[in-house]
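Visitor: Pasting in a structure now, in C-alpha cells, and then I'll have a few things to ask.
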Amino acid sequence: MSQMPQHDFSACPGCAEPLESGDRFCGACGYDLSAVPAAAPEPDRPTVAIGTPVSWPEPPAREPGSLSTSTQHPGDLPGTDSGGHDLPTTPPAHGAPGAQAQARASQPQVPAAQAQGPQAFQAQAQASQPQVPEVPAAPPARDLPTIPVRTDGPHAAATSGDGLAALAEGTVPAPVPTADGDFALAAPDPRAAAAQPAPPQSAPPQPVADPRTTTPPAGTKLCVACRAGHVDPDGYCENCGHAQPRERDHMEQELSTVAAVSDRGLRHHRNEDAFAVSATALPDGSPATLAIVCDGVSSATRPDEASAAAAQAANQSLLDALPRGTHPQQAMHEAIVAAAEAVNALAEEPGQGAMEHDPHRHQNAPACTIVGAVVADGLLIVGWVGDSRVYWVPDDRTSPPARLTQDDSWAAQMVAAGLMNEAEAYADERAHAITGWLGADAYELEPHTSAFKPDRPGVVVVCTDGLWNYAEAADDMARVVPADATGRLLHGAQVLVGHALDGGGHDNVTVALLPFTLSPQGAGSA
64 MSQMPQHDFS ACPGCAEPLE SGDRFCGACG YDLSAVPAAA PEPDRPTVAI GTPVSWPEPP
124 AREPGSLSTS TQHPGDLPGT DSGGHDLPTT PPAHGAPGAQ AQARASQPQV PAAQAQGPQA
184 FQAQAQASQP QVPEVPAAPP ARDLPTIPVR TDGPHAAATS GDGLAALAEG TVPAPVPTAD
244 GDFALAAPDP RAAAAQPAPP QSAPPQPVAD PRTTTPPAGT KLCVACRAGH VDPDGYCENC
304 GHAQPRERDH MEQELSTVAA VSDRGLRHHR NEDAFAVSAT ALPDGSPATL AIVCDGVSSA
364 TRPDEASAAA AQAANQSLLD ALPRGTHPQQ AMHEAIVAAA EAVNALAEEP GQGAMEHDPH
424 RHQNAPACTI VGAVVADGLL IVGWVGDSRV YWVPDDRTSP PARLTQDDSW AAQMVAAGLM
484 NEAEAYADER AHAITGWLGA DAYELEPHTS AFKPDRPGVV VVCTDGLWNY AEAADDMARV
544 VPADATGRLL HGAQVLVGHA LDGGGHDNVT VALLPFTLSP QGAGSA
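Residue numbers for the sequence shown follow my numbering, so the first one is 64 and each next one is one higher.
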C-alpha cells in the first residue's frame, strides 16, 4: 500500500481555501494540488573568499617610545561588500563608517618634527592617507588620542574632563617610565591645589622598619619562610601560615669524645626518640663521657615529651653524681631512677600546646625506654630499661664484638625461658612488645646496670631499635660501624643512621658513639 502524497500547502494556490495535509484536490475549486510546480530555489549569493588578496597600504611610521598603535578604520581600504560589489568611492555621510577617516585626510598635514605626544602619530597617519576633497556637509573630525592607562592610577587626573582634553591637545605630557620601569605619579592640578588650604607643618614621617631585617626580641621564634611572623604553639606562622620544620625531625650533636644523631625515619609522623650527651670530670680530674638514648613508646600519650624528659633528667643526674665521686655504676642506677620520676611527673600534667590536638595522642600515661653508657676511669658502665641497646665494637675487627644489654621484651623472655630460640622469638609478631619501661603505668621499675673493663680500644654504640632492627647481631653491627668511627664519631653516627634509613626507616632511629681508649691498668672485665 503506497502512501498518500503529501503537500506543503496550508491554502489552495487557486482560491486560497484552507487545506488539510492529506488533500489531493481543493474541496472548493478542485485544484489539483499534486500538479503545483515546486518553487525555484533562490540564486546563491556567495560571499567574498577569505583568501582573496587585498592590497594593504603601509602603516604609518611610529615614533620610538610612542604608546600609540597603528589602526585602520572602515573606508580606509578598498574592498567589496557581501554581494561581491566594489565598495562605494563616494564619501559617506557624516557619522557613517569611513566618514571620520576621510575627514582626517582633509586636515592640513603637520610636520613630524613639530608634533608632540599623541599628536605625532596623528600627523604621520594623516600624511600617509590619500587626499580626498572636502565634504562641505561634514565638519572636520579626528579620533581621540590613545591615552596611556595604568591600573594604579598615576595618570588618573588626565583621563576625564579637562584633563582628557589637555592631553589630547598635547599640553599634558604623556607619562614617561623611570629607570626602574615604573611610571612617576602625575603632578597635581595647580588650580585644585590653590583651592585647598595648605596642610599644617608636621614632623617628617619616620621610616617603617622591615621586620625581616630587624632584630626580634630575645626568645622570639620567627617563621623560616617569611622571616616576619611569629610561630604559634601549633607550629604555624601567624603571618603567612607556613608550617615550620620541627627541630627534632633530625638532630645531631658532637663533642670531642662523643657524638649522637637522631632522625625521624621514613614512616613516622614525628621523632619520638631523644638523646643527651655530655662530658665531665671525676674528682681526680680524669675525664668522664656519657650518653643517654631514649625511645618514646608510640602507643602512649606524648611519647616525644617522655623521651626528652627522661634523657635530660638522666643526663643531669650523672653530671651531678660523677664529679662528687659517686661510683659510675651507682650513678647510672640513680640516673635511671631520676629519669623515671621525670616521666611519671608528665602523667600529672596536662598536654602542652599542640599535643592537646594531636590526632595521634592516646589516653594513657607517657612512657619511654632508656639506655645509657658512661666511659670513666677505665670502666664502661651501661644501664637500661626497655629494648634499646649498647654494643661494643673493638677497633681491631678481628676481635669479636659484643652486645652488652638484654632486652626487656617478649622475645627476650621467651629465649631466657628456653621456649624459643632467638631466631624464632624475634620472628614472632610479639617480639618487640616490651616488658619494661619508664612511666607511671609501669609494673615495677627495675633498672639494669653492668660494668665492663675492656682490654682493647674500641667504640661503644648506644642505640634504639630503629637502628638495631637493621643490624641485630653484634657481628652485623660491627660490619656497619665504619672502620674509622673512633676518630670520626659524628661521621660514624651519620653512617649508622643512614644504614637504617636505607633499610626502610620504619622507626625513629637514634645512635650515640663513644670511643673507649685503653687504660694502662685496664685488663679483663668486671
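C-beta atoms are modelled at their ideal positions from N, C-alpha and C, and glycine is treated no differently.
If you're wondering where the values come from, they're calculated on a predicted model, not measured in any experiment.
Can you tell me where the alpha helix (DSSP H) with Met-477 in it begins and where it stops?
Guide: 473-479 is the extent of the alpha helix (DSSP H) around Met-477.
Visitor: Just curious, the alpha helix (DSSP H) that Ala-486 is in, first and last residue?
Guide: DSSP places Ala-486 inside the alpha helix (DSSP H), whose first and last residues are 485-490.
Visitor: Sort out for me which residues DSSP pairs Ile-399 with in a bridge.
Guide: BP columns for Ile-399 are empty, so no partner.
Visitor: For Ser-380, which three-state DSSP category applies?
Guide: helix
Visitor: Between Gly-435, Asp-312, Gly-388, which lies nearest to Ala-373 when the distance is taken from Cα to Cα?
Guide: Gly-435
Visitor: Given that a residue counts as buried once 16 or more other Cβ atoms are within 10 Å of its Cβ, and exposed if not, what is Arg-365?
Guide: buried
Visitor: Helix, strand or coil for Leu-443 per DSSP?
Guide: strand
Visitor: If you reduce the DSSP assignment to three classes, tell me which class Leu-558 lands in.
Guide: Strictly speaking, residue 558 in this sequence is Val, with Leu absent from that position. Of the three classes helix, strand and coil, the one that applies to Val-558 here is helix, per DSSP.
Visitor: Which word fits Asp-565, buried or exposed, when buried means at least 16 other C-beta atoms lie within 10 angstroms of its C-beta?
Guide: exposed
Visitor: Does the stretch 287-294 touch the stretch 502-520, meaning 3 or more C-beta pairs lie closer than 8 Å?
Guide: Cβ pair count under 8 Å is below three, so no.
Visitor: Beta carbon of Tyr-533, beta carbon of His-562: below 9 Å?
Guide: yes
Visitor: Nearest CA to the CA of Ala-430: which residue from Gly-328, Glu-335, Asn-571?
Guide: Glu-335
Visitor: Candidates Val-558, Tyr-506, Asp-538: which alpha carbon is nearest Asp-547's?
Guide: Val-558
Visitor: Asp-95: buried (16+ other C-beta within 10 angstroms of its C-beta) or exposed?
Guide: Its Cβ having fewer than 16 others within 10 Å, Asp-95 is exposed.
Visitor: Anyone know if the C-beta pair for Val-524 and Val-456 falls short of 9 Å?
Guide: yes
Visitor: Among Arg-460, Cys-75, Leu-443, which has the Cα closest to the Cα of Phe-579?
Guide: Leu-443
Visitor: What residue range does the beta strand (DSSP E) around Gly-359 cover?
Guide: 350-359
Visitor: Which whole-angstrom value is the C-beta distance of Tyr-299 and Ala-306, which I expect to be below 8 Å?
Guide: 6 Å
Visitor: Assuming Leu-530 is part of the alpha helix (DSSP H), what are its boundary residues?
Guide: Taken as a continuous stretch (DSSP letters only), the alpha helix (DSSP H) holding Leu-530 covers 528-531.
Visitor: Starting from the C-beta of Ala-91, find all residues in its chain whose C-beta is less than 6 Å away, skip the five residues before and the five after it, and write them out in chain order.
Guide: Cys-78, Glu-80
Visitor: In three-state terms, what does DSSP make of Asp-336?
Guide: It is a strand residue.
Visitor: Would Leu-581 and Val-560 qualify as a contact pair, given that the criterion is a beta-carbon distance under 9 Å?
Guide: Result no, Cβ atoms of Leu-581 and Val-560 do not sit closer than 9 Å.
Visitor: Indicate the three-state DSSP secondary structure (helix, strand or coil) for Ala-178 in the structure shown.
Guide: For Ala-178, the predicted model reports a pLDDT of 42, less than 50, meaning its position is unreliable and no value from the coordinates is stated.
Visitor: Straight-line CA distance for Ile-433 to Leu-467?
Guide: 14 Å
Visitor: Asp-565 by DSSP, collapsed to three states: which one?
Guide: helix
Visitor: Which residue comes first and which comes last in the alpha helix (DSSP H) that contains Val-294?
Guide: Looking at the DSSP string, Val-294 is not in any alpha helix (DSSP H), and its letter there is neither H nor E.
Visitor: Exposed or buried, which one is Thr-573 when buried takes at least 16 other CB atoms within 10 Å?
Guide: buried
Visitor: Using three-state DSSP, classify Ser-513 as helix, strand or coil.
Guide: strand
Visitor: Identify, in the order they occur along the chain, each residue of the same chain with its Cβ nearer than 6 Å to the Cβ of Ala-598, setting aside the five sequence neighbours on each side.
Guide: This structure cannot settle anything about residue 598, because the visible part of the chain is limited to 64 through 589.
Visitor: Looking only at C-alpha atoms, which of Tyr-506, Thr-549, Ser-370, Ala-401 sits nearest to Asp-458?
Guide: The shortest Cα separation from Asp-458 among Tyr-506, Thr-549, Ser-370, Ala-401 belongs to Thr-549.
Visitor: Within its chain, find whatever has a CB closer than 8 Å to the CB of Gly-328; leave out the 5 residues flanking it on each side and keep chain order.
Guide: Asn-334, Gly-529, Ala-563, Leu-564, Gly-568, His-569, Asp-570, Asn-571, Val-572
Visitor: Tell me whether the beta-carbon of Ile-399 lies closer than 9 Å to the beta-carbon of Trp-473.
Guide: no
Visitor: Less than 9 Å between the C-beta atoms of Ala-556 and Glu-310, yes or no?
Guide: no
Visitor: DSSP beta-bridge partners for Trp-455?
Guide: Ala-465, Val-523
Visitor: Which value, in whole angstroms, describes the spacing of the CA atoms of Val-453 and Glu-301?
Guide: 43 Å
Visitor: Taking all protein chains shown into account, do 16 or more other C-beta atoms lie within 10 angstroms of the C-beta of Ser-451, making it buried, or fewer, making it exposed?
Guide: The residue in question, Ser-451, is buried, as its Cβ has 16 or more Cβ neighbours within 10 Å.
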